[in-house]
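**Q** Everything in the sequence shown is counted per this note's numbering, starting at 331 for the first residue and increasing by one.
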Amino acid sequence: MRSMPYSKKVIQHFKNPHNQGVIKNADAVGKVGNPVCGDVMKIYIKIGRKKVDKGGKAQEGKDFIKDIKFETLGCAAAIAVSSALTDIVKGKTLDEALKITKDKIVKDLGGLPAPKVHCSMLGIEALHKAIENYKNKIIK
Ligand code: FES
331 MRSMPYSKKV
341 IQHFKNPHNQ
351 GVIKNADAVG
361 KVGNPVCGDV
371 MKIYIKIGRK
381 KVDKGGKAQE
391 GKDFIKDIKF
401 ETLGCAAAIA
411 VSSALTDIVK
421 GKTLDEALKI
431 TKDKIVKDLG
441 GLPAPKVHCS
451 MLGIEALHKA
461 IENYKNKIIK
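1) Output the distance between the C-alpha atoms of Leu457 and Asp397, rounded to the nearest integer angstrom.
2) Determine the DSSP secondary structure at Val366, reduced to helix, strand or coil.
3) Would a C-beta distance cut-off of 8 Å place Gly421 and Val370 closer than the cut-off?
4) Could you tell me which residues DSSP puts in a beta bridge with Thr423?
5) Return yes when the Cβ of Ile353 is within less than 8 Å of the Cβ of Tyr374, no when it is not.
6) Measuring only from the beta carbon, is Ala407 closer than 7 Å to any heavy atom that is part of ligand 1?
7) Can you name, in chain order, every residue of its own chain whose Cβ lies under 6 Å from the Cβ of Ala358, other than the five neighbours on each side?
8) So for Ile461, helix, strand or coil by DSSP?
9) Beta carbon of His448, beta carbon of Val340: below 8 Å?
10) Of the choices Gly360, Leu452, Lys467 and Ala410, whose alpha-carbon is the least far from that of Gly368?
11) Distance check for Ser412 and Ala406, CA to CA, integer angstroms please.
12) Which residues does DSSP pair with Leu403 in a beta bridge?
13) To which residues of the same chain is Ile377 closer than 8 Å at the C-beta, ignoring the five residues directly before and after it?
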């Protein structure tokens with residue numbers, strides 16, 4: 331039996347990944363390894379502050395992802411997931427970014443072959459770690 335091929339979108343992201351690389355002065359970094367295959371992913375985030383405007387007055391700002399980059403030592407699916415995920419969360423507030431699920435990413439990519447679905451967890455976990463890392467930093 332032939333296994334399901336990658337969707338067009340997965341191949342596009344894999345061949346030309348968006349937001350790949352390092353942010354040198356990142357506000358936080360999240361690093362995870364995939365226990366299934368041993369692949370590793372790192373996500374770098376730079377945080378900005380969105381002004382929440384209530385009744386014409388500038389109020390407390392909301393932290394949002396101003397910039398995001400990833401480094402992935404992993405399979406084609408992991409690279410495509412990182413590329414799609416970074417596109418989706420860029421510009422989102424931290425709370426919005428934390429709500430993105432792996433199903434959303436897989437759907438955005440037009441599906442992943444079943445044995446590759448675990449690869450999509452890597453991106454979400456690295457993002458969550460980076461955000462957690464950022465929150466821990468500002469509390470201290
Ligand atoms: Fe390791 Fe896909 S096989 S992340």
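Just so it is clear, CB atoms sit at the ideal spot from N, CA and C, and this is done for glycine as well.
**A** With the given structure in hand:
1) 12 Å
2) If DSSP states are grouped into helix, strand and coil, Val366 belongs with coil.
3) One thing to note: Gly421 has its Cβ no nearer than 8 Å to the Cβ of Val370.
4) Phe394
5) Yes; because the gap between Cβ atoms is below 8 Å, this pair is in contact.
6) yes
7) So the list reads Ile375, Ala460, Asn463 and Tyr464, once near-sequence residues are dropped.
8) helix
9) no
10) Cα-wise, what sits closest to Gly368 is Leu452.
11) 10 Å
12) Val370
13) Asp357, Ala358, Asp393, Phe394, Ile395, Lys396, Leu424 and Tyr464
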